[in-house]
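Colleague: Take a look at this one; I'll ask things after.
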Amino acid sequence: MGIHPEFSSFDRRSANLDEARRTMWQWAEPIVIDRAVESYARMVDEAGTVAMARKHCRLWRMVLFNHPATVSAALEELRRAADSLGLPDGLVDDANDLILEELVDIVTSRYRSSRNTIRTFSLVLMAATSCLGMARHPA
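Just so you know, the sequence shown maps onto residues 1 to 139 in this note's numbering.
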């Protein structure tokens, strides 16, 4: 028994979003690392900066691949690591905002000639924002 034609577009959209997540992560990973390093390098030594950037990279992989069950734990781990390094409250959230803004800027500037690509990557970023928002402010 096949999929009812009415629902086949949902399967295609899901497959397109999965592919978009993989594609986006290929170019977004170095951006995430760069922005995380930029956020922490002024306040901690190199080892602390590298450790925080790695944790931030893991978090954003979960965020972009829409794994809300693990995002909360990863965000909490990142906040604990920041606290153990004596970093200010809110710095992790500020770094996340910086990363998200950069990704939005890249999508809107690099892909402006492809409406479908912008739409698909925008859906990925909207899901990422929602996922991160739920982790920041659990119910």
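Here a beta-carbon is modelled for each residue, glycine too, at the ideal position from N, C-alpha and C.
Taking the C-alpha atoms as reference points, what is the distance between alanine 51 and leucine 123?
Modeller: By 1-based counting over the sequence shown, the position of residue 51 is 51. By 1-based counting over the sequence shown, the position of residue 123 is 123. Taking the straight line joining both Cα atoms gives about 30 Å.
Colleague: From which residue to which residue does the alpha helix (DSSP H) around histidine 137 run?
Modeller: For the purposes of this step, residue 137 is identified with residue 137 of the sequence shown, where counting begins at 1. Taken as a continuous stretch (DSSP letters only), histidine 137 belongs to no alpha helix (DSSP H), as it is neither H nor E.
Colleague: Based on Cα-Cα distance, which residue from Lys55, Arg115 and Asp93 lies nearest to threonine 70?
Modeller: Position 70 of the sequence shown holds residue 70. Here the closest residue by C-alpha is Lys55.
Colleague: Would you verify that the beta carbon of leucine 123 is, or is not, closer than 7 Å to some beta carbon of chain D?
Modeller: Among the chains in the structure shown there is no chain D, since it carries only a single protein chain.
Colleague: Taking the straight line between their C-alpha atoms, what separation do you get for cysteine 57 and asparagine 116?
Modeller: Here residue 57 refers to the residue found at position 57 of the sequence shown. Here residue 116 refers to the residue found at position 116 of the sequence shown. Going from the Cα of cysteine 57 to the Cα of asparagine 116 covers about 27 Å.
Colleague: Helix, strand or coil for leucine 52 per DSSP?
Modeller: In the sequence shown, the residue the question calls residue 52 occupies position 52. Before going further, note that residue 52 is methionine rather than leucine in the sequence given. If DSSP states are grouped into helix, strand and coil, methionine 52 belongs with the helices.
Colleague: For serine 84, is the classification buried or exposed, using 16 other Cβ atoms within 10 angstroms of its Cβ as the cut-off for buried?
Modeller: By 1-based counting over the sequence shown, the position of residue 84 is 84. Exposed, because fewer than 16 other Cβ atoms sit within 10 Å of the Cβ of serine 84.
Colleague: Please tell me whether leucine 64 and arginine 21 are closer than 7 Å, where the distance is taken between their beta carbons.
Modeller: The count along the sequence shown starts at 1 and reaches residue 64 at position 64. The count along the sequence shown starts at 1 and reaches residue 21 at position 21. Taking 7 Å as the Cβ cut-off, leucine 64 and arginine 21 qualify as a contacting pair.
Colleague: Measure the Cβ-Cβ separation of alanine 36 and alanine 53 and say whether it is below 7 Å.
Modeller: Counting from 1 along the sequence shown, the entry for residue 36 is found at position 36. Counting from 1 along the sequence shown, the entry for residue 53 is found at position 53. Yes, these two residues count as a Cβ contact at 7 Å.
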